[in-house]
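Structure, as structure tokens:
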Amino acid sequence: MPHVTRLKRRHAQLPALGVALLLLLPLAACAVTDTGPEPAGPPAAGPRDSAAAGTAVVHVYFYSAQGLERVSRPYRGPDATGAALRELASGPDAAERARGLISYAPAGAPAPVGTAQQPGSVRVFAPQGWESRSALRQLVCTAADAASTAQGTSLRTFKVKVRQVTSGDPVTVTRMCTL
Numbered sequence: 000m001p002h003v004t005r006l007k008r009r010h011a012q013l014p015a016l017g018v019a020l021l022l023l024l025p026l027a028a029c030a031v032t033d034t035g036p037e038p039a040g041p042p043a044a045g046p047r048d049s050a051a052a053g054t055a056v057v058h059v060y061f062y063s064a065q066g067l068e069r070v071s072r073p074y075r076g077p078d079a080t081g082a083a084l085r086e087l088a089s090g091p092d093a094a095e096r097a098r099g100l101i102s103y104a105p106a107g108a109p110a111p112v113g114t115a116q117q118p119g120s121v122r123v124f125a126p127q128g129w130e131s132r133s134a135l136r137q138l139v140c141t142a143a144d145a146a147s148t149a150q151g152t153s154l155r156t157f158k159v160k161v162r163q164v165t166s167g168d169p170v171t172v173t174r175m176c177t178l
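Residue numbers for the sequence shown follow numbering that gives the first Met the number 0, beginning at 0 and rising by one.
Written out as structure tokens, the structure is:
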């Protein structure tokens with residue numbers, strides 16, 4: 000029976016050993032010192048595919064059952080605001096329509112034209128057909144998103160001056176994107 004006695008002694012020591020290990024565990028990390036920032040090499044280079052190089056993203060606003068929804072679209076070139084307005088005029092694609100997105104932009108109407116004016120604002124010329132309140136809201140949020148991103152300012156404080164061509168005299172309104 001000496002074998003049973005040894006086993007009992009070992010089992011009696013296990014809880015004490017576990018407690019000792021738990022008490023020593025926090026001390027194991029105490030010798031780690033802060034070395035500060037370390038050089039990490041060159042920044043990420045992006046895609047190596049030449050077709051993808053030079054492609055950026057603009058955001059276009061379409062309506063869903065919950066209200067305006069931001070959709071990302073790829074574009075190439077220096078004019079993000081112009082690209083976003085052209086994408087808005089083209090309407091939701093098949094996948095976006097399948098998700099329930101719609102546009103109040105006039106079908107077949109020319110795309111609005113945007114020009115940066117001063118920091119924090121953009122001027123947009125909207126051809127006839129863009130007069131509805133819903134289409135104007137899409138236009139303002141799309142133009143504000145693209146131009147504010149290009150200028151590095153906040154979408155929430157960005158002003159869009161829209162010159163609308165209507166059946167009468169042209170009208171200029173200043174709006175901000177409210178989501």
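Cβ atoms here follow ideal geometry from the backbone N, Cα and C, with glycine treated the same way.
The beta carbon of L67 lies closer than 8 Å to those of Y60, F61, R136, Q137, C140, L178 in the same chain, with the five residues before and after it left out. Looking at V56, A134, S131, G151, the one whose alpha-carbon comes closest to that of G76 is V56. Contact check for P91 and S102: beta-carbon distance about 6 Å, within the 8 Å limit, so the pair qualifies.
In this structure, DSSP gives E95 a helical state, which the three-state scheme calls helix. Pairing A143 with V161 gives a Cβ-Cβ distance that is not under 8 Å.
Its Cα nearest to that of Q116, the residue A146 stands out among A146, G99, V70, A88. Secondary structure of T165 (DSSP, three-state): coil. Counting other Cβ atoms within 10 Å of its Cβ, S133 stays below 16 and is therefore classed as exposed.
Annotation for E68: the continuous beta strand (DSSP E) segment containing it runs 66-75.
When the five nearest sequence neighbours on each side are left out, the beta carbons in the same chain lying within less than 6 Å of the beta carbon of P169 are those of R162, in order along the chain. Taking the C-beta atoms as reference points, G107 is found no nearer than 8 Å to T80. Counting the other Cβ atoms within 10 Å of the Cβ of R122 gives 16 or more, which makes it buried.
Cβ atoms of S63 and L87 stay farther apart than 8 Å, at about 15 Å. Counted as a single uninterrupted DSSP element, the beta strand (DSSP E) harbouring S120 occupies residues 120-125. When the five nearest sequence neighbours on each side are left out, the beta carbons in the same chain lying within less than 6 Å of the beta carbon of Q127 are those of V164, in order along the chain.
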